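Please read the structure below before turning to the comments.
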Amino acid sequence: MRTIKNIVVHCSATRPEADIGAAEIRRWHVEDNGWRDVGYHYIIRRDGRVEAGRPVEQPGAHVAGHNADSLGLCLVGGLDANGRSAAEYAPAQWAALRRLLGRLKERFPEADILGHRDFPGVAKDCPCFDVRRWLAGEGNA
Ligand SMILES: [Zn+2]
48 MRTIKNIVVH
58 CSATRPEADI
68 GAAEIRRWHV
78 EDNGWRDVGY
88 HYIIRRDGRV
98 EAGRPVEQPG
108 AHVAGHNADS
118 LGLCLVGGLD
128 ANGRSAAEYA
138 PAQWAALRRL
148 LGRLKERFPE
158 ADILGHRDFP
168 GVAKDCPCFD
178 VRRWLAGEGN
188 A
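Following the working numbering, the residues of the sequence shown are numbered contiguously, the last one being 188.
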């Protein structure tokens with residue numbers, strides 16, 4: 048198994064009504080971007096179901112310069128009904144994220160958990176909330 052230094056939370060940058068999952072995101076990444084597989088390792092659907100993306104053993108394609116030693120999780124959503132950046136995730140998604148991160152932290156205790164936007168040089172708001180504050184219980188969710 049490769050070394051995992053970072054567990055990175057992302058969003059799909061889709062509106063609340065977009066009920067998509069791993070299959071749709073895989074299609075964007077493979078057909079539109081020309082990648083060999085979906086870029087994330089896990090996708091959390093609007094109903095809280097967690098879908099498998101790329102195998103954990105393989106580097107993903109989700110954060111420039113840091114794919115080799117990270118895992119990528121994607122929350123479906125991240126935009127409000129007007130298409131603006133917003134952490135309007137469903138309660139089931141927040142619960143699923145917390146469970147999944149707990150499991151991954153057991154498996155990779157050395158890994159840091161952070162959001163895509165926490166990496167230097169990232170201009171996007173992804174995943175549209177402060178992951179570290181949320182984990183510390185100070186977040187907005
Ligand atoms: Zn991202």
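The beta-carbon is built from N, C-alpha and C at its ideal position, and this holds for glycine as well. As the structure is a prediction and not an experimental result, all values here were calculated from the model.
Outcome for residue i when other beta-carbon atoms lying within 10 angstroms are tallied against a minimum of 16
{"i": "Val178", "result": "buried"}
{"i": "Gly81", "result": "exposed"}
{"i": "Ala158", "result": "buried"}
{"i": "Gly100", "result": "buried"}
{"i": "Arg164", "result": "buried"}
{"i": "Gly168", "result": "exposed"}
Where the alpha helix (DSSP H) through residue i begins and ends
{"i": "Ile72", "result": "69 to 74"}
{"i": "Glu153", "result": "138 to 154"}
{"i": "Val178", "result": "178 to 182"}
Endpoints, beta strand (DSSP E) assigned at residue i
{"i": "Gly119", "result": "117 to 122"}
{"i": "Val97", "result": "97 to 99"}
{"i": "Cys175", "result": "Run containing Cys175: none; DSSP gives neither H nor E here."}
{"i": "Leu161", "result": "159 to 162"}
{"i": "Val56", "result": "53 to 58"}
Sequence-distant residues of its chain with Cβ nearer than 8 Å to residue i (five each side left out)
{"i": "Arg83", "result": "Val77"}
{"i": "Glu104", "result": "Met48, Arg49"}
{"i": "Ala142", "result": "Gly95"}
{"i": "Pro102", "result": "His88"}
{"i": "Arg92", "result": "Asp66, Ile67, Gly68, Glu98, Val123, Gln140"}
{"i": "Leu118", "result": "Ile51, Asn53, Ile54, Val55, His88, Tyr89, Val103, Gly107, Leu151, Phe155, Ala158"}
Contacting residues, own chain, Cβ-Cβ under 7 Å from residue i (five flanking each side not counted)
{"i": "Cys58", "result": "Cys121, Leu122, Gly124, Gly125, Cys173, Pro174, Cys175"}
{"i": "Phe166", "result": "Val110, His113"}
{"i": "Thr61", "result": "Ile67, Val123, Gly124, Gly125, Leu126"}
{"i": "Gly149", "result": "none"}
Sequence-distant residues of its chain with Cβ nearer than 6 Å to residue i (five each side left out)
{"i": "Arg73", "result": "Val85"}
Give the residues whose C-beta lies closer than 7 Å to at least one heavy atom of ligand 1, in chain order. His57, Cys58, His109, Val110, His163, Lys171, Cys173, Pro174
Minimum length 3: unbroken beta strand (DSSP E) runs contained in the segment 78 to 114: 89 to 91, 97 to 99
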